[in-house]
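One structure is given below, encoded as structure tokens.
Chains as they are written, first to last, in the numbering used here: chain A, 1 to 269; chain B, 1 to 311; chain C, 1 to 282.
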């Protein structure tokens, strides 16, 4: 899209996700296609119900009910993934209070993926990854309830990184955090990406966060990608689709006159 | 936030070690957590009373030969149906046996029943409930319909039927009670599992490649155990009563075993003239049941995350 | 407006005794409010919500609220009797909370809830209450008020639910509305539409509005004045228009760590907390 020459780390082609049957049938994602070059960050932007998180869950292997083509690192993926896939791609969730097991210490949380994949030298790996996310050894034997929201999100990032994946799927990783903590976590993610050459897919409703983090982005509404654009275009405030423009205006703050010009973007197609 | 907490206590180093906000080993973290739970349990006086009763029951059961002045089955037919005295603090029964000694030895039977039922029924219910809840689909349907079948009968009636099929006796009574008490535990464990299974931390272990058994065993079960422990403790009273009921009907412990229910049954023939023969074991059942209930309530406050314990 | 404020608060403290000692959520804050939009901004734990709740004496036990002065339109809120407080709550000061789903009764039609809210304060016939409720639903720009009137809370969307809450809170025509993160659970565009409704109502009816939020950008563009809180203290009170010229290092820090659409992609500034902020407030 933005003329990136790197090979595609993630390719999604005509992804469809349908929930329920009969009268309850919801076509949550329609014909979504995009590709993410290695080492870049791709943003999926949309409001609630736009299907952005559903795309991410299909990509991660959490939701096996999809059709279309998904390829990761050149390998076409089946709905059910094998263990090797999980070493390649990991996910960070939105709610730092719900994504850590309440009865496990940080140590146990980080030990679990190592035990599943039978990796060697767990002690050293845990110490190293804790250091990398900016938590000292002090935190190793704490329970989640002894941590702040930002610290929990760092643990969640450490858990994702400990398998040394090449892709991180980020589902609104900072929307539950205070802005000052958000800045720290975003900086941490940027640093890790540089150091490890990671590829990110970032789902967010916040255009400013996406503009800060991403190289390209797709804007979704009602399960459809309405526009795919390079972040440079967004920064120049030149999106093409009226829906993207409206999101952009809204993210700049409250403007009484602008609100009156808001349209209701109903389902397309 | 809680870093000043232990400074306030001052003194005792082990206390500060337990309450440390940044433990340095797995053991310290686990002990610290238990200690905090203990502190909050301790502040509940009724729960402490319940714990005291249950501990006393255990102690009496262990030390029965030392405490009891007579052998529980020693008959002195000349001393039949005596009132309270120094020689027989709770009097004697219709065969001249010392009721106090029988109550003491009876505590062993009560504890035996309660513990065996708990270690059969609770793990069974936990396994059935968590598997049904997490795996879903036809596994869930089959397991839950079986559970429903067991739940459709009143506990005591089902236990009666089982004991009459297996034959009277204390082991059969225990089996019967265990078989009738697991279904509610399965229900609780399943309900709990359904609320946990879609949470992000379970999704996270799935995305690490964990298998179903691993998820059920080390991520879901530990979260279900606390509410189950509470429920089992609260059910102890009921189990004791059913065991006593079976004993009373002659289907549980057989004579001359000093089972409290059987003792009431024997004493009811002389209830009007020698009331204590039936009443003393009745009081024993009442006190122990109450103890388990109080303990269960206290544990709920500490363990059950939904009622605002230490999440 | 400046010589006789609608609400005056002086040296407000809110504290909670716990096993580990007393936790002070609010430590001596003062501000006043006219018929304007006042924003209270702070991060989690700054005491902003407790400030809002203590005005309506809604701080639950064992919280302790003390203040040198807490006066609403000449009424001493600290001395007011329970009955007086009940009349003030809802009728003269209303409060909108973050999640409408928790504030609405799930088994009662929304219209009936609005009508009931009206009838507890005004002695009117049911038909009149219904007419007023429909009017109110129209005022918060619900397109099909008749249908929404008959709907149950679970049948409406988040944005709609929040508009219904606002309708319910505004039907007794209060002088002051306290909105505690009223829109943070909503999508950005819906959020702004709900704010526009509040904005218009404040202007048309001459209400005072206290808008509690964590979103500095939003508050700066929406409110007239902004109170910035940190650790239970007021760091700075400034005109929203001049927020970019704010002096206090905390305010500056908050502004700098926000990512912006036209950012250059470099690391965000990280807020360095000065322990002295805990000790000295305005």
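Even glycine gets a Cβ: it sits at the ideal position worked out from N, Cα and C.
Express the C-alpha separation of residue j and residue i in angstroms, rounding to a whole number.
i                      : j                      : result
residue 143 of chain A : residue 44 of chain C  : 21 Å
residue 21 of chain B  : residue 136 of chain A : 13 Å
residue 21 of chain C  : residue 233 of chain C : 19 Å
residue 141 of chain A : residue 148 of chain A : 15 Å
residue 15 of chain C  : residue 26 of chain C  : 7 Å
residue 92 of chain A  : residue 45 of chain A  : 17 Å
residue 42 of chain B  : residue 244 of chain C : 54 Å
residue 126 of chain C : residue 171 of chain C : 14 Å
residue 233 of chain A : residue 253 of chain C : 28 Å
residue 139 of chain A : residue 130 of chain A : 8 Å
residue 73 of chain C  : residue 204 of chain C : 19 Å
residue 150 of chain A : residue 146 of chain B : 46 Å
residue 318 of chain B : residue 302 of chain B : Shown here, chain B extends from 1 to 311; a query on residue 318 of chain B therefore has no answer.
residue 18 of chain B  : residue 25 of chain B  : 11 Å
residue 106 of chain C : residue 155 of chain C : 10 Å
residue 72 of chain B  : residue 99 of chain B  : 8 Å
residue 51 of chain B  : residue 232 of chain B : 15 Å
residue 47 of chain C  : residue 248 of chain A : 31 Å
residue 269 of chain A : residue 217 of chain A : With a pLDDT of only 40 at residue 269 of chain A, under the threshold of 50, the placement of this residue in the model should not be trusted, and no figure is reported.
Determine whether the Cβ of residue i lies closer than 7 Å to any Cβ atom of chain A.
i                      : result
residue 301 of chain B : no
residue 1 of chain C   : Bear in mind that a pLDDT of 44 at residue 1 of chain C, under 50, signals an unreliable position, so the number given afterwards is only what the model happens to contain. It does not; no Cβ of chain A falls within 7 Å.
residue 274 of chain B : no
residue 88 of chain C  : no
residue 259 of chain C : yes
residue 162 of chain C : no
residue 289 of chain B : no
residue 189 of chain C : yes
residue 242 of chain C : no
residue 227 of chain C : no
Please report whether the beta-carbon of residue i lies at a distance below 7 Å from any beta-carbon of chain C.
i                      : result
residue 187 of chain A : yes
residue 184 of chain A : yes
residue 42 of chain A  : no
residue 36 of chain A  : no
residue 226 of chain A : no
residue 74 of chain A  : no
residue 235 of chain A : yes
Got a sec: does the ligand MN put a non-hydrogen atom nearer than 6 Å to the Cβ of residue i?
i                      : result
residue 255 of chain B : Here there are no bound small molecules, and the ligand MN is not part of this structure.
Under the DSSP definition of a beta bridge, which residues are partnered with residue i?
i                      : result
residue 16 of chain C  : C:23
residue 238 of chain C : C:226
residue 130 of chain B : None, per the DSSP bridge assignment.
residue 11 of chain A  : A:35, A:71
residue 91 of chain A  : A:169
residue 92 of chain B  : B:98
residue 27 of chain A  : A:18
residue 180 of chain C : C:212
Step through the CB atoms of chain B and report whether any lies within less than 7 Å of the CB of residue i.
i                      : result
residue 91 of chain A  : yes
residue 141 of chain A : yes
residue 77 of chain A  : no
In chain F, what lies closer than 8 Å to residue i by C-beta?
i                     : result
residue 36 of chain C : This model lacks chain F altogether; the protein chains it does include are A, B and C.
Examine the Cβ distances between the segment 153-160 of chain B and the segment 125-145 of chain B and report whether three or more of them are shorter than 8 Å.
Output reads no: the segment 125-145 of chain B does not touch the segment 153-160 of chain B.
Do the segment 92-99 of chain B and the segment 66-77 of chain B meet, that is, are 3 or more Cβ pairs less than 8 Å apart?
With a cut-off of 8 Å on Cβ pairs, the segment 92-99 of chain B is in contact with the segment 66-77 of chain B, counting three or more such pairs.
Counting Cβ pairs, one atom from each stretch, are 3 or more of them under 8 Å apart for the segment 116-131 of chain B and the segment 178-187 of chain B?
Yes: the two stretches touch, three or more of their Cβ pairs being nearer than 8 Å.
At least three beta-carbon pairs within less than 8 Å, the segment 57-68 of chain A to the segment 102-110 of chain A:
Note that the segment 57-68 of chain A does not touch the segment 102-110 of chain A; fewer than 3 beta-carbon pairs, one per stretch, sit closer than 8 Å.
Assess contact between the segment 205-220 of chain A and the segment 255-268 of chain C, defined as three or more Cβ pairs (one per stretch) separated by less than 8 Å. Is contact present?
Yes, since at least three Cβ pairs between the segment 205-220 of chain A and the segment 255-268 of chain C fall closer than 8 Å, the two stretches touch.
Length at least 4, wholly inside the segment 132-174 of chain B: the alpha helix (DSSP H) runs in chain order:
Taken in chain order, the complete alpha helix (DSSP H) segments of 4 residues or longer contained in the segment 132-174 of chain B are 137-151, 155-166.
Tell me, please, whether the segment 98-111 of chain B touches the segment 60-75 of chain B by the rule of three or more beta-carbon pairs shorter than 8 Å.
When C-beta atoms of the segment 98-111 of chain B are compared with those of the segment 60-75 of chain B, three or more pairs fall below 8 Å, so the two segments count as touching.
Fully enclosed by the segment 186-231 of chain B, which alpha helix (DSSP H) runs are 4 residues long or longer?
Scanning the segment 186-231 of chain B for uninterrupted alpha helix (DSSP H) segments of 4 residues or longer gives 200-207, 212-215, listed from N- to C-terminal end.
Where in the segment 14-96 of chain C do unbroken runs of the beta strand (DSSP E), each at least 3 residues long, occur, reported from the N-terminal end onward?
Counting only runs of 3 or more, we get 21-33, 37-41, 64-66, 69-72, 93-96.
Are three or more beta carbon pairs between the segment 30-47 of chain C and the segment 171-185 of chain A nearer than 8 Å?
Remark: three or more beta-carbon pairs, one from each stretch, lie closer than 8 Å, so the segment 30-47 of chain C and the segment 171-185 of chain A are flagged as touching.
Output the residue ranges of the alpha helix (DSSP H) runs that lie fully inside the segment 199-248 of chain A and measure 4 residues or longer, sorted by chain position.
List check, alpha helix (DSSP H) in window: 207-213, 231-235.
Cβ contact (3+ pairs, closer than 8 Å) linking the segment 199-215 of chain C and the segment 108-128 of chain C:
The segment 199-215 of chain C, when compared against the segment 108-128 of chain C, does not touch it at the 8 Å Cβ threshold.
So, do the segment 11-18 of chain A and the segment 28-39 of chain A have three or more beta carbon pairs nearer to each other than 8 Å?
They touch, by the three-pair rule.
Cβ pair count under 8 Å reaching 3, the segment 152-171 of chain C against the segment 86-105 of chain C
Touching, yes, given that three or more Cβ pairs across the two stretches are closer than 8 Å.
Does the pairing of the segment 241-261 of chain B with the segment 164-175 of chain B give three or more beta-carbon distances under 8 Å?
Contact between the segment 241-261 of chain B and the segment 164-175 of chain B is present, because at least three Cβ pairs lie under 8 Å.
Check whether the segment 25-32 of chain A and the segment 188-208 of chain A are in contact - that is, three or more C-beta pairs closer than 8 Å.
These segments do not touch.
Determine contact between the segment 269-283 of chain B and the segment 202-220 of chain B, defined as no fewer than three beta-carbon pairs at a distance below 8 Å.
No, the segment 269-283 of chain B is not in contact with the segment 202-220 of chain B.
How about the segment 197-205 of chain A and the segment 155-174 of chain A: do they share at least three Cβ pairs that are nearer than 8 Å?
These segments touch.
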